[in-house]
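Numbering follows our numbering, in which position 18 of the sequence shown is assigned residue number 46; successive positions increment by one, without gaps.
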Amino acid sequence: MDYEHILTELRGDGPLKTALITLNRPKQLNALNDGLMNDLGHALLAFDADPAIGCIVVTGSEKAFAAGADIAAMAKYTFEDTYGGNFITRNWETIRQVRKPVIAAVAGFALGGGCELAMMCDFIIAAETAKFGQPEIKIGIMPGAGGTQRLPRAVGKSKAMDMILTARMMDAAEAERAGLVSRVVPADKLIDEALGAAAVICSYGMPSVMMAKECVNRAFEGSLSDGVSYERRLFHAMFATEDQKEGMDAFLSKRAPVFKHR
Ligand code: CAA
């Protein structure tokens, strides 16, 4: 099937294939808008349901896995739009329904929702060029796609607080040291490495693969749902603040924000 915002292809020689999904809004550094998240969710569910597919790899461009939720779309949002429209939950979390393994292959920027999307995958393979960050605070909001919950679980409280409160980025080497990514490879080997890992997974029995994934997620998630629900409500509330309007307007106007702290 053809999609507007993603590319899909099947790879592999064995009986089970790997579905490769490439986020494809290069001019916007793969900023995650509704159209892209709808396409991604549809493709993920279709591949998950296809008995010929054993693993899914999600990747972006050389410059950006994804630079976050689409600020141009969000800048106009009100609290009613986010809370009433169930922003994020409505189409970002389809990936959590996927029972087959999903590997994120990350080169370049994985920021905000891009970092959060990578963390929603089962594991992350990074190119040496990868940069991870949760810079939402710079535009007057905070992470809203699970970042406040998954990042501390992945890298510990101190580093997560540092990244979320200062908006500093982590390079691939630091991300590997911190346990955010499972492997780091040269950029020109990224897709081959991810497809190689996927091919190994495809060679195993699917019930054991799927049950193992389910069990690791059970260990990882614990009370994650409560944490994400709580985060979502506060994220929605931010669209009632003047600082959200100012932060996003400043980004789009390419100027420094002047926050009023209310
Ligand atoms: N949303 C919309 N457009 C974006 C975008 C985003 N998140 N990130 C980049 N773009 C656009 C830019 O506006 C620019 O468009 P134009 O060419 O039309 O001006 C284009 O992509 C290229 O970006 P830059 O010129 O800024 O490229 P750069 O190399 O100088 O900088 C960058 C790259 C550091 C990633 C910078 O683009 C940036 O800081 N982006 C925003 C990152 C961010 O704040 N992400 C968090 C978003 S909020 C969020 O994700 C909420 C949540 O938790 C769900």
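The beta carbon of each residue, even a glycine, is placed where N, CA and C say it ideally should be.
Proximity to residue i [Cα-Cα], best of the options
i    : options                : result
E156 : M148, T36, F137, G255  : F137
A59  : L139, T106, V85        : L139
F248 : Q177, A80, G42, L262   : Q177
M148 : A182, G168, E164, K159 : A182
A158 : C143, E144, G175, A200 : A200
I167 : M65, N66, K282, E221   : K282
E204 : V130, K187, I219       : K187
P79  : K91, T46, M102         : T46
C143 : T87, V213, E221        : T87
One or two residues paired with residue i in a DSSP bridge
i    : result
V130 : I84
L139 : G161
T50  : L35, T87
A92  : F137
R211 : I153
K217 : DSSP lists no partner for K217.
M198 : F160
A97  : L60
K45  : I81
Closer than 8 Å: residue i CB and nearest the ligand CAA heavy atom
i    : result
P285 : no
D78  : no
P43  : no
K104 : no
E144 : yes
I99  : yes
P180 : no
P235 : no
G141 : yes
A263 : The question names Ala, yet the displayed sequence has Phe at residue 263. Checking the Cβ of F263 against the ligand CAA gives yes.
A175 : Correcting the residue identity first, residue 175 is Gly in this sequence and not Ala. At least one heavy atom of the ligand CAA is nearer than 8 Å to the Cβ of G175, so yes.
G69  : no
E164 : yes
A135 : no
K273 : no
A59  : yes
K241 : no
Contact with chain D by residue i, beta-carbon distance below 9 Å
i    : result
C230 : In the displayed structure, chain D is absent; only one protein chain is listed.
Residue i CB to nearest heavy atom of the ligand SAM below 8 Å
i   : result
I84 : Ligands displayed in this structure: the ligand CAA; the ligand SAM is not among them.
- Message: For a minimum of 4 consecutive residues, which ranges assigned as the alpha helix (DSSP H) are wholly contained in the stretch 52 to 80?
- Response: 62 to 77
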